[in-house]
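Numbering (the numbering used here), first residue to last: 40 to 284.
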């Protein structure tokens, strides 16, 4: 019996060290994860890492783009402060600020002129008779105002607004005609003499463009200037946009 026991091989025991360590480790994790503060702490740590990476990325991007951003802002400010300019007849830059200007009378301030024929205003029937223009046997509404001096002298005609000369014409009935376009506003000067501007030229408000003259259609008015105003392509009464004298 003893010999049998001696010769018999002892039962091999399954090593429990590894399984025991695994069980211990698994149990430790379960205990750790069972605590309430573990998940919030892990979340905060992950959030901190993400925010740090975002901050580093944004800082690097800002440093890379900063010079271009400064250039863009500088160009934008300069563009908003300096109005567009074009070259006038004398070679000097003419600032195109017509849209911000108030219209002036198309004669010098020291010239005494009066309206010798008013604008035909459909809303004011009392002026219809005197605002009609007779040419031969035809009567037509006056599309502008006619200015003349009391002694029938010639006087300088000036640009009512800064703009571009878009038409210079010698009309057989209306006389010499100059048209100046200023943004959405167009001013027309007729019955002129000694025209001083050319088509395509840029003029500044107050520049002399011609002298008053005569026309075939209104030859009874003598030396005068016929002045029309269009806004957005529509004819308007010049008196409504001119300063009160």
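The beta-carbon is built from N, C-alpha and C at its ideal position, and this holds for glycine as well.
Excluding the 5 residues flanking it on each side, residue 155 has same chain C-beta neighbours closer than 8 Å at 185, 186, 187, 260, 263, in chain order. As the crow flies, the alpha-carbon of residue 249 is around 24 Å from that of residue 139. Residue 226 places its beta carbon 8 Å or farther from that of residue 275.
Residue state for residue 139 is assigned as helix, using DSSP reduced to three classes. Counting C-beta atoms within 10 angstroms of its own C-beta, residue 210 has fewer than 16 neighbours from the protein chains shown and is therefore classed as exposed.
Residue 166 carries a helical assignment under DSSP once its states are collapsed to helix, strand and coil. With respect to residue 243, residue 220 sits apart: the two C-beta atoms are not nearer than 8 Å. For residue 180, the uninterrupted beta strand (DSSP E) run begins and ends at 177–180, by DSSP.
Going by DSSP, residue 153 is part of the beta strand (DSSP E) stretching over 152–156. Between residue 256 and residue 196 the beta-carbon gap is near 17 Å, outside 8 Å, which marks them as no contact. Rounded to the nearest whole angstrom, the C-alpha separation of residue 233 and residue 180 is 27 Å. DSSP, reduced to helix, strand and coil, places residue 247 within a strand of the structure shown. By the C-beta density criterion, residue 151 is exposed, having fewer than 16 other C-beta atoms within 10 angstroms.
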